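Those letters in the sequence shown? Residues 2 to 131, by the working numbering.
Worksheet: one structure, shown below.
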Amino acid sequence: MPLVKITIRKGKSTEYKKALLDSVHEALMHSFKIPEHDRFQMLYELDKDCFEAPSSKTDNVTVIEVAAFKGRSNEAKKQLYKAIVDNLAEKPGIKGDDITIVLHEPPLENWGIRGGQPASEVKLGFKIDV
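So, in structure tokens, the structure goes:
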């Protein structure tokens, strides 16, 4: 159940934003083997004066934060980063240098899910050791 937070600068079209969300979810399905329906994403749009970035970045600067259950292999993480960058280059057309990805992995006991139960005590229905 990854939680995805994507931050971009304001001014992008609905189609751009949809492609961004779809591309990140596709990368998670491919790399982390999450079910298609397991989609929990938030898109934040900030004015340029509220989103500072290095001068080498363009107005397509994108920060993607993924909070995921701990347990994925380093290989799966590398696949995720590459898949996100590759997918976003294709649609909506973001250069890899404009993308920053941060993966947070709180332990299962630090997730309250399915009515407030610790994730460590819930049968998840999918593997996290990919």
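Cβ atoms here follow ideal geometry from the backbone N, Cα and C, with glycine treated the same way.
If you're wondering where the values come from, they're calculated on a predicted model, not measured in any experiment.
6 angstroms Cβ shell around residue i - same chain, five flanking residues per side excluded
i              : result
valine 62      : Ala54 and Asp99
alanine 84     : Ala28, His31 and Ser32
proline 3      : Leu29, Val67 and Ala69
glutamine 80   : Ser32
glutamate 110  : Pro119 and Ser121
threonine 101  : Val64
tryptophan 112 : Ala120
8 angstroms contact criterion, which residue i and residue j should meet: CB distance rounded
i                : j            : result
phenylalanine 33 : alanine 77   : 6 angstroms
valine 25        : isoleucine 7 : 7 angstroms
Sequence-distant residues of its chain with Cβ nearer than 8 angstroms to residue i (five each side left out)
i         : result
lysine 58 : Asp98 and Asp99
7 angstroms CB neighbourhood of residue i in its chain, flanking five on each side removed
i              : result
proline 93     : Tyr17, Ala20 and Leu21
cysteine 12    : Sequence inspection shows glycine at residue 12; the cysteine mentioned does not correspond to that position. Contacts found: none.
lysine 104     : Rather than lysine, the amino acid found at residue 104 in this sequence is leucine. Result list for leucine 104: Val67, Ala69 and Lys78, in chain order.
isoleucine 129 : Phe70, Gly72 and Arg73
leucine 125    : none
Residue i - containing beta strand (DSSP E), residue span
i              : result
lysine 19      : Lysine 19 -> not in any beta strand (DSSP E); alpha helix (DSSP H) instead, spanning 15 to 33.
histidine 38   : No beta strand (DSSP E) holds histidine 38; DSSP gives it neither H nor E.
isoleucine 100 : 100 to 105
leucine 4      : 4 to 10
Selected residue, minimal CA-CA separation from residue i, among the options
i                 : options                       : result
arginine 73       : Ile35, Thr8, Arg115 and Leu47 : Ile35
isoleucine 65     : Lys49, Asp39 and Tyr82        : Tyr82
phenylalanine 127 : His26, His38 and Lys11        : His38
asparagine 75     : Ile9, Glu106 and Val86        : Glu106
leucine 44        : Asn88, Val5 and Val123        : Val5
isoleucine 95     : Trp112, Asp60 and Pro108      : Asp60
Continuous alpha helix (DSSP H) assignments of at least 4 residues falling wholly in the segment 57 to 92 = 75 to 91
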